[in-house]
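Trainee: Numbering (the numbering used here), first residue to last: 29 to 384. Okay, here's the structure, questions in a sec.
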């Protein structure tokens with residue numbers, strides 16, 4: 029079977045989290061030190077012509093780097109406006125505010141990760157404790173006011189000396205958990221429900237409030253897709269705060285402003301996914317329709333909004349550099365999309381590593 033079945037689609041994992049920053053090189057330097065996001069897939073300057081729906085009708089210019097941690101997990105798309113000064117919120121983002129509250133980072137050794145991130149200058153929001161499913165966890169804030177949840181995990185692509193792996197998932201604030209869960213579980217492939225509880229949770233930062241909280245994950249038998257093994261099974265955690273009004277994290281701000289701007293899923297069968305999502309009431313709001321160019325990489329991308337306008341991006345990769353300085357690229361359009369690339373080939377990405 030050389031093609032994805034005509035009437036199907038597949039989610040291969042979280043490809044990256046978009047992070048709006050003031051200075052792409054300063055931010056990337058910290059993320060290399062703290063999270064070993066040191067292998068660039070692309071670095072590109074361009075104008076976001078297709079995103080004007082979310083940039084007040086004006087095509088804004090940007091500088092972006094997509095960087096990965098080769099131990100496994102999703103990457104960071106570190107994104108800086110070059111045509112305007114990015115805005116921040118005028119309030120402190122709290123758990124349960126609507127949008128991406130935190131990014132989950134996978135680790136093997138919680139204590140080692142805690143000491144490493146503390147030494148890197150992170151603000152420790154909580155001490156190591158247990159999440160409702162019994163996994164060790166703690167929360168930090170980076171120097172740019174973004175919140176990360178550090179979580180023990182057992183899914184990895186490779187070993188190295190880094191104290192952390194890549195992106196495990198995201199924590200998304202929603203206004204109605206019961207209404208929100210079907211999009212992520214039934215359409216986006218996070219089909220495994222680990223818990224759905226209402227309580228005061230001691231692992232969540234901030235004041236003690238009641239939350240409705242559901243953790244969803246991809247099945248753990250192995251991701252499909254060219255880079256599925258590198259991306260590893262991912263999680264989406266939905267939280268609904270009780271007893272206070274949740275604020276929209278990106279209300280009156282632009283896509284690309286400071287903070288977590290989107291969660292991007294790696295997919296195959298984009299047009300079938302678009303059809304299924306539209307029939308379920310989640311139409312694509314942006315669609316490149318065909319291959320778009322990111323300098324050294326290309327693919328098909330689209331966006332939809334969840335019930336609270338949180339942006340979920342999809343990328344179907346067509347061409348990706350493996351070793352750009354030797355002009356080695358992979359064309360992925362005509363391969364068997366169910367199969368992972370050979371591990372040795374994916375590991376060649378590490379030859380592009382940028383040292384801190």
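Glycine included, each C-beta is placed from N, C-alpha and C at the ideal position.
(1) Just checking, does the stretch 297 to 306 make contact with the stretch 66 to 83 on the three C-beta pairs under 8 angstroms criterion?
(2) Considering Cα atoms alone, identify which of 96, 105, 98, 148 is closest to residue 284.
(3) Alpha helix (DSSP H) containing residue 307: first to last residue?
(4) Would you say residue 330 and residue 345 are within 8 angstroms of each other, going by their C-beta atoms?
(5) Decide yes or no for the touch test of the stretch 240 to 259 against the stretch 40 to 50: beta carbon pairs closer than 8 angstroms, at least 3 of them.
(6) Ignoring anything shorter than 3 residues, give me the beta strand (DSSP E) runs that lie fully in the stretch 133 to 191, in order along the chain.
(7) Helix, strand or coil: which one does DSSP assign to residue 315?
(8) Does DSSP classify residue 37 as helix, strand or coil?
(9) Rounded to a whole number of angstroms, what is the C-alpha to C-alpha distance between residue 136 and residue 86?
(10) For residue 286, which of helix, strand or coil comes out of DSSP?
(11) With 16 as the cutoff for other CB atoms within 10 Å, does residue 60 come out buried or exposed?
(12) Hey, out of 163, 215, 134, whose CA is closest to residue 176's CA?
(13) In the DSSP assignment, the beta strand (DSSP E) including residue 86 goes from what residue to what residue?
(14) Have a look at residue 260 and residue 145 and give me their C-alpha separation to the nearest angstrom.
(15) Exposed or buried, which one is residue 165 when buried takes at least 16 other CB atoms within 10 Å?
(16) Give a yes or no on whether the C-beta atoms belonging to residue 139 and residue 268 are separated by under 8 angstroms.
(17) Starting from residue 222, trace the beta strand (DSSP E) in both directions and tell me its first and last residue.
(18) Counting only the same chain and skipping the five closest in sequence on each side, list residues whose C-beta sits under 8 angstroms from that of residue 203.
(19) Whole angstroms are fine: how far does the CA of residue 64 sit from the CA of residue 150?
(20) Roughly how far, in whole angstroms, is the beta-carbon of residue 227 from the beta-carbon of residue 375, given that I think they are within contact range, below 8 angstroms?
(21) Are the CB atoms of residue 265 and residue 197 nearer to each other than 8 angstroms?
(22) What residues in its chain sit with their C-beta under 8 angstroms from that of residue 310, if we drop five residues either side in the sequence?
(23) In whole angstroms, what separates the C-alpha of residue 241 from that of residue 277?
(24) Taking the C-alpha atoms as reference points, what is the distance between residue 119 and residue 357?
(25) What residue ranges within the stretch 52 to 91 form continuous alpha helix (DSSP H) runs of no fewer than 4 residues, ordered along the chain?
(26) If we ignore side chains and look at the alpha-carbon of each, how far apart do residue 219 and residue 110 end up?
(27) Would you mind sorting residue 359 into buried or exposed? The rule is 16 or more other CB atoms within 10 Å of its CB.
(28) What is the rounded straight-line gap between the Cα of residue 32 and the Cα of residue 272?
(29) Which of helix, strand or coil does DSSP assign to residue 374?
(30) Assuming the contact rule is C-beta atoms closer than 8 angstroms, residue 229 and residue 160 should be a hit. Round their C-beta distance to whole Å, please.
(31) Is it buried or exposed for residue 290, if we count other Cβ within 10 angstroms and need 16 for buried?
(32) Beta strand (DSSP E) containing residue 356: first to last residue?
(33) From residue 222 to residue 117, what distance separates their C-alpha atoms?
(34) Which word fits residue 292, buried or exposed, when buried means at least 16 other C-beta atoms lie within 10 angstroms of its C-beta?
(35) Within its chain, find whatever has a CB closer than 6 angstroms to the CB of residue 193; leave out the 5 residues flanking it on each side and keep chain order.
Mentor: With the structure as the only source:
(1) no
(2) 105
(3) 298 to 307
(4) no
(5) yes
(6) 164 to 169, 175 to 180
(7) strand
(8) coil
(9) 44 angstroms
(10) coil
(11) buried
(12) 134
(13) It is not in any beta strand (DSSP E) - residue 86 carries neither H nor E in the DSSP assignment.
(14) 22 angstroms
(15) buried
(16) no
(17) 220 to 228
(18) 126, 268, 274, 335, 336
(19) 14 angstroms
(20) No, residue 227 and residue 375 are not in contact; Cβ-Cβ is about 42 angstroms, not under 8 angstroms.
(21) yes
(22) 211, 215, 332, 333, 334
(23) 19 angstroms
(24) 44 angstroms
(25) 52 to 63
(26) 39 angstroms
(27) exposed
(28) Bear in mind that the predicted position of residue 32 carries a pLDDT of just 41, short of 50, making it unreliable; the figure below should be weighed with that in mind. Near 46 angstroms, if we compare the C-alpha coordinates of residue 272 and residue 32.
(29) helix
(30) 7 angstroms
(31) buried
(32) 356 to 359
(33) 32 angstroms
(34) buried
(35) 97, 99, 100, 101, 134
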